[in-house]
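S.K.:
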Amino acid sequence: MSSLLHKYGVVHRIATAYHPQTNDQVEVFNREIKKMLPKMTNPSRKDWSRLLEDTLWAHKTTYRTPLGMSPYWIVFGKTYHLHAIKQLQSGLYQAGEQRKFQLQELDELRLEAYENSRIYKQKVKKFHDQQILRKDLRVVQKVLLFNSRLKLIAGKLRSRWDGPFVITNIFPYGVVQLKDEQINNTFQVNGHQIKPFYEGPASIAGDMEIVSLMEPAPPDGTT
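Below, the structure is given as structure tokens:
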């Protein structure tokens with residue numbers, strides 16, 4: 001199995017119910033449901049479990065830009081109709097014939113949704129890649145690490161960058177291993193959180209000149 005995945009360049013991840021963060025699609029779905037529930041619950045937020053089914057129904061029947069249609073349409077090949085609207089439809093034969101055509105179009109709709117999703121992901125990836133500054137990193141290079149803890153609350157004159165650290169290894173997918181030479185500690189970070197550290201030219205003792213900023217004392221007998 002591993003050789004087959006390696007042959008086609010597939011990154012295989014195993015997700016469990018105890019750790020859904022492994023599956024990005026599950027994370028996105030849960031985040032959307034979490035945004036919808038506060039709009040439907042009462043101020044105490046204690047009735048969210050009762051409204052969960054209605055929230056899922058609204059999510060499945062809503063038009064999705066990446067797919068070009070709703071998730072309900074992909075599964076059943078038609079738009080969801082309320083029960084009140086169904087009771088007003090009396091043309092059973094016409095509805096049956098129309099349903100046959102809808103079932104025949106179901107595979108085409110799924111392929112269209114897949115193609116729309118692929119095009120949308122390519123656009124998002126292209127926009128994301130345009131915002132990324134390519135960094136030429138190498139081993140034993142000194143870099144500075146962005147301190148994310150100071151992102152929200154930081155002093156005006158306090159630097160958001162810690163270091164310098166030394167790169168000891170560079171892994172695939174943007175992972176960089178750094179070493180703190182002061183405490184001899186090694187850790188891994190995201191490559192987007194570091195930037196090169198420029199030490200500047202080394203100072204030479206013969207080129208140094210001492211300039212005194214003290215005001216010279218006046219000679220004796222003068223004011």
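The UniProt record's numbering puts the first residue of the sequence shown at 1, with every later residue one more than the last.
Glycine is no exception: its CB is placed at the ideal position from the N, C-alpha and C atoms.
Keep in mind that this is a model prediction, so the values were computed, not measured.
In angstroms, rounded to a whole number, what distance separates the CA positions of Tyr198 and Lys142?
M.R.: If you number the sequence shown from 1, residue 198 lands on position 198. If you number the sequence shown from 1, residue 142 lands on position 142. Rounded to the nearest angstrom, the two C-alpha atoms are 8 Å apart.
S.K.: Looking only at its own chain, which residues have a Cβ that is under 7 Å from the Cβ of Gly174, when we skip the five neighbours before and after it?
M.R.: Here residue 174 is taken as the residue at index 174 of the sequence shown, counted from 1. If we look at Gly174 and ignore the five residues flanking it on each side, its Cβ neighbours are Asn190, Gly191, His192.
S.K.: Whole-angstrom Cβ separation of Ser49 and Lys60, contact assumed at under 8 Å?
M.R.: The sequence position of residue 49 within the sequence shown is 49, counting from 1. The sequence position of residue 60 within the sequence shown is 60, counting from 1. So it is not a contact: roughly 18 Å between Cβ atoms.
S.K.: Return the residue from the list Lys135, Arg110, Asp180 that minimises the CA-CA distance to Tyr72.
M.R.: Residue numbering aside, residue 72 sits at position 72 when the sequence shown is read from its first letter. Ranking the options by Cα distance to Tyr72, first place goes to Arg110.
S.K.: So, using beta-carbon positions, are Asn147 and Arg160 closer together than 7 Å?
M.R.: Counting from 1 along the sequence shown, the entry for residue 147 is found at position 147. Counting from 1 along the sequence shown, the entry for residue 160 is found at position 160. For Asn147 and Arg160, yes; Cβs fall inside 7 Å.
S.K.: Take Tyr114 as the anchor and find which of Gly163, Lys100, Val75, Leu103 has the nearest alpha-carbon.
M.R.: The residue you call residue 114 lines up with position 114 of the sequence shown. It is Val75 whose Cα lies nearest to the Cα of Tyr114.
S.K.: Compute the distance between the beta-carbons of Lys179 and Leu144, then report whether it is under 7 Å.
M.R.: Residue 179 sits at position 179 when you count from the first residue of the sequence shown. Residue 144 sits at position 144 when you count from the first residue of the sequence shown. Contact flag unset, no.
S.K.: Just reading off the beta strand (DSSP E) that Thr186 is part of, what are its end residues?
M.R.: Looking up residue 186 in the sequence shown gives position 186. Note, Thr186: beta strand (DSSP E), 185-190.
S.K.: Report the residue ranges of all alpha helix (DSSP H) runs contained in full by the segment 60-130; include only those spanning at least 4 residues, in chain order.
M.R.: As far as the segment 60-130 is concerned, its whole alpha helix (DSSP H) runs of at least 4 residues are 71-76, 83-88, 92-130.
S.K.: Quick check: the Cα distance between Met40 and Asn30, rounded to an integer number of angstroms?
M.R.: Within the sequence shown, numbered from 1, the residue matching residue 40 stands at position 40. Within the sequence shown, numbered from 1, the residue matching residue 30 stands at position 30. Cα-Cα distance, rounded: 16 Å.
S.K.: Which residues in the same chain as Val140 place their Cβ atom closer than 7 Å to its Cβ, once the five residues preceding and following it in sequence are excluded?
M.R.: Taking the first residue of the sequence shown as 1, we reach residue 140 at position 140. Same-chain partners within the cutoff: Val166, Ile167.
S.K.: Taking all protein chains shown into account, do 16 or more other C-beta atoms lie within 10 angstroms of the C-beta of Thr55, making it buried, or fewer, making it exposed?
M.R.: Within the sequence shown, the letter at position 55 stands for residue 55. Burial call: buried.
S.K.: Taking the alpha carbon of Met36 as the reference point, which residue from Ala58, Pro43, Glu27, Ser44 has its own alpha carbon closest?
M.R.: Locating residue 36 in the sequence shown gives position 36, where the first residue counts as 1. It is Ala58 whose Cα lies nearest to the Cα of Met36.
S.K.: Nearest-angstrom Cα distance between Lys100 and Thr79?
M.R.: Residue numbering aside, residue 100 sits at position 100 when the sequence shown is read from its first letter. Residue numbering aside, residue 79 sits at position 79 when the sequence shown is read from its first letter. Roughly 14 Å between the two C-alpha positions.
S.K.: For residue 234, which residues of its own chain have a beta-carbon under 8 Å away from its beta-carbon, when the five flanking residues on both sides are left out?
M.R.: This structure leaves residue 234 out entirely; the chain is present only between 1 and 223.
S.K.: For the beta strand (DSSP E) containing Leu145, list its first residue and its last residue.
M.R.: Translated into the one-based positions of the sequence shown, residue 145 becomes position 145. Its beta strand (DSSP E) spans residues 142-146.
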